[in-house]
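Asker: In this note's numbering, each number is its position in the sequence shown, counted from 1, plus 8.
The structure's right below; bear with me while I get my questions together.
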Amino acid sequence: MKRYLVFALVGPFVGGFLLLLTTTYQSGYWAQTSLGEVGKLFAVFFKTLQYSYLFGFLPSLMIGAVDDILTHVRRIGPGLRMLLVGLFAFVLASLTYSSRGPDSGAVQFILYGLVGFVPAVISSWLVHKYIKEPHPVAAPT
Numbered sequence: 009m010k011r012y013l014v015f016a017l018v019g020p021f022v023g024g025f026l027l028l029l030t031t032t033y034q035s036g037y038w039a040q041t042s043l044g045e046v047g048k049l050f051a052v053f054f055k056t057l058q059y060s061y062l063f064g065f066l067p068s069l070m071i072g073a074v075d076d077i078l079t080h081v082r083r084i085g086p087g088l089r090m091l092l093v094g095l096f097a098f099v100l101a102s103l104t105y106s107s108r109g110p111d112s113g114a115v116q117f118i119l120y121g122l123v124g125f126v127p128a129v130i131s132s133w134l135v136h137k138y139i140k141e142p143h144p145v146a147a148p149t
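Structural data, given as structure tokens:
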């Protein structure tokens, strides 16, 4: 249960911030913005944080469930599990957020994929580091 709590708390927070950074980059905000206006970015982030949790809660729990399932596979170690969970979240976030029109491209696909990859890997690492995991038992022969 603690695993899902970590994913539900960390995922929307980090993912929401990365989604905000990605959308501001895609809109061209950083091309004409001085460092003095970065405070506006954080103000927008904290004003929209409730929506990050509203819309990111269930996807984070789904990624946590994938992490939980992979925990019970004996041959998959923690490092490989973090990578697999991150790649799964990368693909889901890329397909969810990136467009398929004429403005789409590799940069957009990768940036939106990182919105899913980074929170999933961070959450999986936190679970591995701070929460005691059950060891899978061998099947009786």
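Beta carbons are placed, not taken as given, at the ideal position from N, Cα and C, and that holds for glycine.
Only a predicted model underlies this, so the values are computations on that prediction, with no experimental measurement involved.
In angstroms with no decimal places, state the Cα-to-Cα distance between L100 and Q40.
Answerer: Sequence index remark: in the sequence shown, residue 100 carries index 92 (1-based). Sequence index remark: in the sequence shown, residue 40 carries index 32 (1-based). One C-alpha to the other measures close to 31 Å.
Asker: Alpha carbon to alpha carbon, how far is S107 from V18? Give it in angstroms, no decimals.
Answerer: Translated into positions along the sequence shown, residue 18 becomes position 10. Translated into positions along the sequence shown, residue 107 becomes position 99. In a straight line, the C-alpha of V18 is about 26 Å away from that of S107.
Asker: Here's the rule: buried if 16 or more other CB atoms are within 10 angstroms of the residue's CB, otherwise exposed. What is G72?
Answerer: Numbered from its first residue, the sequence shown carries residue 72 at position 64. Around the Cβ of G72, a 10 Å sphere holds 16 or more other Cβ atoms; the residue is buried.
Asker: M70 to V129, Cα distance in whole Å?
Answerer: As a position in the sequence shown, residue 70 is number 62, starting the count at 1. As a position in the sequence shown, residue 129 is number 121, starting the count at 1. When only Cα atoms are considered, M70 and V129 end up about 14 Å apart.
Asker: Could you have a look at S102 and say whether DSSP puts it in helix, strand or coil?
Answerer: Translated into the one-based positions of the sequence shown, residue 102 becomes position 94. Note: S102 maps to helix in three-state DSSP.
Asker: Buried or exposed, going by whether 16 or more other CB atoms sit within 10 Å of the CB of R83?
Answerer: Within the sequence shown, numbered from 1, the residue matching residue 83 stands at position 75. The residue in question, R83, is exposed, as its Cβ has fewer than 16 Cβ neighbours within 10 Å.
Asker: Rounded to whole angstroms, what's the CA-CA distance from V93 to K137? Just pull it up for me.
Answerer: In the sequence shown, counting from the first residue as 1, residue 93 sits at position 85. In the sequence shown, counting from the first residue as 1, residue 137 sits at position 129. Cα to Cα, V93 sits roughly 16 Å from K137.
Asker: To the nearest angstrom, report how far apart T56 and G47 are at their CA atoms.
Answerer: Here residue 56 refers to the residue found at position 48 when the sequence shown is read from its first residue. Here residue 47 refers to the residue found at position 39 when the sequence shown is read from its first residue. Using only the alpha carbons, I get a separation of about 14 Å.
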